[in-house]
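Chemist: In the numbering used here, the protein residues as written are 167 to 403.
C-beta atoms are modelled at their ideal positions from N, C-alpha and C, and glycine is treated no differently.
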């Protein structure tokens with residue numbers, strides 16, 4: 167995403183990923199040039215953005231030695247892990263002007279207040295825009311559950327979403343145990359209720375079944391379902 171955005175900004179982009187998957191490669195803009203090694207990046211890039219995990223092999227990959235191979239005035243962006251950059255070597259490079267700017271969302275004690283270091287909060291949800299988006303998303307998910315019985319991003323229940331059909335939607339929260347699904351369908355069959363569509367998913371000890379049925383679904387039918395062992399709640403929408 168960063169590489170493609172940089173291309174759209176008019177930048178000449180070079181990238182190196184020894185573990186690039188085929189699927190990821192399909193999504194990379196064809197204007198991005200492939201570098202054979204990280205050293206090629208260090209020698210040629212004016213801006214270096216790090217996107218690697220913190221492992222024994224990548225720890226301190228940005229250090230005095232690698233910085234020395236970079237262009238004077240290089241700008242480095244590290245939104246991956248603090249351990250990728252040797253803090254003392256970075257401070258020295260900033261002081262000398264070898265590195266013009268170091269941007270990171272890992273504001274360690276060593277880097278806070280250092281001239282040339284831009285330290286920002288690691289938690290992206292702290293921005294005003296993210297707070298607004300999270301609030302809207304949560305509200306829409308609640309509305310979808312209340313109006314359609316669909317579950318998304320629940321902590322203890324599975325994601326379940328099904329297009330509406332039929333006259334009523336019966337939502338059953340129950341334990342994830344054998345035979346309970348057959349008990350639900352058998353009971354509805356005894357009640358003469360036609361099931362137009364249904365879905366069932368589980369997450370850990372909990373499961374959720376959604377059934378779209380023809381005709382009405384009475385309070386008596388709800389009561390009978392709730393008496394089935396393992397069922398904790400029945401909603402009719």
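Does DSSP put residue 332 in a helix, a strand or coil?
Modeler: Coil at residue 332, not helix or strand.
Chemist: Quick check on residue 378: does DSSP put it in helix, strand or coil?
Modeler: Reduced to three states, the DSSP call for residue 378 is strand.
Chemist: Would you call the region 221 to 238 and the region 202 to 209 touching, i.e. three or more CB-CB distances under 8 Å?
Modeler: Yes, they touch.
Chemist: Just list the residues that DSSP pairs residue 285 with in beta bridges.
Modeler: Answer is 270, bridged to residue 285.
Chemist: What is the residue span of the beta strand (DSSP E) that residue 244 lies within?
Modeler: Element bounds for residue 244: 240 to 244.
Chemist: Does the region 326 to 344 touch the region 361 to 371, meaning 3 or more C-beta pairs lie closer than 8 Å?
Modeler: Contact holds: three or more Cβ-Cβ distances are below 8 Å.
Chemist: Who are residue 181's beta bridge partners in DSSP?
Modeler: BP columns for residue 181 point to 200.
Chemist: Output the residue ranges of the alpha helix (DSSP H) runs that lie fully inside the region 211 to 235 and measure 4 residues or longer, sorted by chain position.
Modeler: As far as the region 211 to 235 is concerned, its whole alpha helix (DSSP H) runs of at least 4 residues are 230 to 234.
Chemist: At which residues does the beta strand (DSSP E) containing residue 365 begin and terminate?
Modeler: Element bounds for residue 365: 361 to 369.
Chemist: Helix, strand or coil: how does DSSP classify residue 350 here?
Modeler: Correct three-state label for residue 350: helix.
Chemist: Taking the alpha carbon of residue 387 as the point to measure from, which residue in 373, 342, 337 and 199 has its own alpha carbon closest?
Modeler: Closest by alpha carbon: 337.
Chemist: Are residue 369 and residue 299 touching if we call contact CB-CB under 8 Å?
Modeler: Against a cut-off of 8 Å, the Cβ pair of residue 299 and residue 369 comes out as no contact.
Chemist: For a quick check, are the C-beta atoms of residue 198 and residue 218 less than 8 Å apart?
Modeler: Contact: no.
Chemist: Using 8 Å as the Cβ pair cut-off and three pairs as the minimum, do the region 300 to 317 and the region 346 to 355 touch?
Modeler: Counting Cβ pairs under 8 Å, fewer than three are found: no touch.
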